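For reference, the structure discussed in these notes is given below.
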Amino acid sequence: MVKYTQTAKPVSLYEEGLNCVEVKDITDSLQVLITGEVMKALGFPLTHWTRKLIHTTIQRGTRHFSELCAGFDADIFAMGLSQALRRFLPNFITGCYHFGTSTIPATGPLLVTSNHPGAADALTALTLLHRDDIKIVLSGVPFTAALPNAQQHFIHVTSDLSMRSMVIREIIAHLKNGGAIFIFPTGHVTPDPSMAIDPEVIFGDWSQSIALILQRCPEANLQIAVISGVIQQRFLNSPICKLRKIPWRQQILAEFIQIIWQMMRSETLTLTPKVTFMAPVSGQDLVKGVSTIESQTTRMELHTAILNHAKEGLKQHIHTRDVACYTPFLK
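Here the sequence shown stands for residues 911 to 1241, where the numbers follow the numbering used here.
Structure follows, in structure tokens:
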């Protein structure tokens, strides 16, 4: 385990388009990186003055968020991931409805896949999983790479296709060692089911790598989670989001606006996401007689079965509000 330290790899503010100085404190580094992500999400060419204006406007929110994330990273070292999540999550939601948590295996190889509406979706699902041995598959965002203690729980995916096979091997190795994996198979945010419930839009871009992993590690169980209610409609309706034309890019902007709004007001929104966990299932159960031998045809069969299972999960998710348990998250 990496010991928590207040120092991190120095980050050049000039690289993020702000000022040509270096910062060494982890909170400062995180603030620079999250500010850079916000500017990237805006998607238009930024001059020195517009960058400075945006930085000045959001710096209170990005500072508070960075302080919370630095504390979360320290908590991972001090008390483990599960307890750290329980302390961190109440900064973003007031509670959640959940169904199917009793089916989550406490031990053993488990591959958890989920839709990706954004904001606190991963934090909420991971808190409910209660698995300190879990690794989360993430896109290569510099912000998450700057959390030293959290790295033991991260598997970073880059845009380099030659590195993808290494990521798959790392996932399979962790599963074969009895660990748990959490992954968003789309790789990008998808509509929140509380606002749009078209399964083709929510699950249509799921990667076939999930089928490949189950083929290579047949002893692993697949558990599909469906999450909704993580972003308020008013943030999606913000004129700022209209700066982007692609819906999922608008959604990324909406989650940034929502989180910064929370951080600047030091106020938790009355957000109560809902999470449904399907019962864990093996690849053989999804497709009767599926071969564990490498086969593109078999993989396509399994991929189709996984998508159909996820769509069933969405139907179940929509109709479980009245029987779902509610857990409050208090600061």
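For each residue, glycine too, the CB sits at the ideal point set by N, CA and C.
Quantities reported herein were computed from a predicted structural model and do not represent experimental measurements.
Practice task
In angstroms with no decimal places, state the Cα-to-Cα distance between Ile1044 and His1063.
Solution key: 6 Å
Handout entry: Spatial neighbours of Val912 in its chain, beta-carbon cut-off 8 Å, leaving aside the 5 residues before and after
Key = Confidence in Val912 is poor, its pLDDT being 36 and thus under 50, which makes the residue's placement unreliable; the coordinate value appears in the next sentence. Excluding positions up to five away in sequence, the list reads Phe987, Pro1058, Asn1059, Gln1061 and Gln1062.
Handout entry: Trp1116 classed as buried or exposed, judged by whether at least 16 other C-beta atoms fall within 10 angstroms
Key = buried
Exercise for the section: Look up Thr1100 in the DSSP assignment and say whether it is helix, strand or coil. Expected result: coil
Exercise for the section: Go ahead and label Thr1037 buried or exposed: buried means 16 or more other beta carbons lie within 10 angstroms of its beta carbon, across all protein chains shown. Expected result: So Thr1037 ends up on the buried side.
Exercise for the section: Would you kindly report the start and end of the unbroken beta strand (DSSP E) that includes Ile1046? Expected result: Ile1044 to Ser1049
Practice task
Pair every Cβ in the region 1164-1176 with every Cβ in the region 1186-1200, then say whether three or more of these pairs are closer than 8 Å.
Solution key: no
Problem - Cβ pair Ile1014, Pro1190 closer than 9 Å - result: The answer is yes: Cβ separation under 9 Å.
Problem - From Ala1030, Leu1212 and Ser992, residue whose alpha carbon lies closest to that of Ile1123 - result: Ranking the options by Cα distance to Ile1123, first place goes to Leu1212.
Exercise for the section: Would you check if there are 3 or more beta carbon pairs closer than 8 Å linking the region 1100-1114 to the region 1126-1138? Expected result: The region 1100-1114 vs the region 1126-1138: in contact.
Handout entry: Opposing strand residues paired with Ala1090 [DSSP bridges]
Key = Paired residue(s): Leu1020 and Ile1044.
Problem - Where Cys1127 sits in the DSSP three-state scheme - result: In the structure shown, Cys1127 sits in coil (DSSP, three-state: anything other than H, G, I, E or B).
Practice task
Determine the burial state of Phe1166: buried for a count of at least 16 other Cβ atoms within 10 Å of its Cβ, exposed for fewer.
Solution key: buried
Exercise for the section: Can you give me the Cβ contacts of Ala1220 inside the same chain, cut-off strictly under 6 Å, excluding the 5 residues immediately before and after it? Expected result: Phe1113 and Ile1134
Practice task
Would you tell me roughly how many angstroms separate the C-alpha atoms of Arg961 and Ser1069, rounded to the nearest one?
Solution key: Near 26 Å, if we compare the C-alpha coordinates of Ser1069 and Arg961.
Handout entry: 9 Å Cβ cutoff met for Ile1120 and Ile1216
Key = yes
Practice task
Locate the alpha helix (DSSP H) running through Ile1065, then write down its first and last residues.
Solution key: Taken as a continuous stretch (DSSP letters only), Ile1065 belongs to no alpha helix (DSSP H), being part of the beta strand (DSSP E) at Phe1064 to Val1067.
Problem - Beta-carbon proximity of Leu991 to Phe1239, cut-off 9 Å - result: no
Exercise for the section: Within its chain, find whatever has a CB closer than 7 Å to the CB of Ala980; leave out the 5 residues flanking it on each side and keep chain order. Expected result: Ile936, Thr937 and Leu940
Practice task
With DSSP as the reference, label His1008 as helix, strand or coil.
Solution key: strand
Practice task
Determine the contact status of Thr1237 and Cys1006, defining contact as a CB-CB distance below 9 Å.
Solution key: yes
Practice task
State the DSSP-derived secondary structure class of Pro955, mapped to helix, strand or coil.
Solution key: coil
Handout entry: Proximity to Thr1047 [Cα-Cα], best of His1066, Phe1053, Ala1056 and Ala1055
Key = The residue asked about is misnamed: residue 1047 is Val in this sequence, not Thr. Of the listed residues, the one whose Cα sits closest to Val1047 is His1066.
Practice task
Could you pull the start and end residues of the alpha helix (DSSP H) that Val1191 belongs to?
Solution key: Segment: none, Val1191 is in no alpha helix (DSSP H) and carries neither H nor E.
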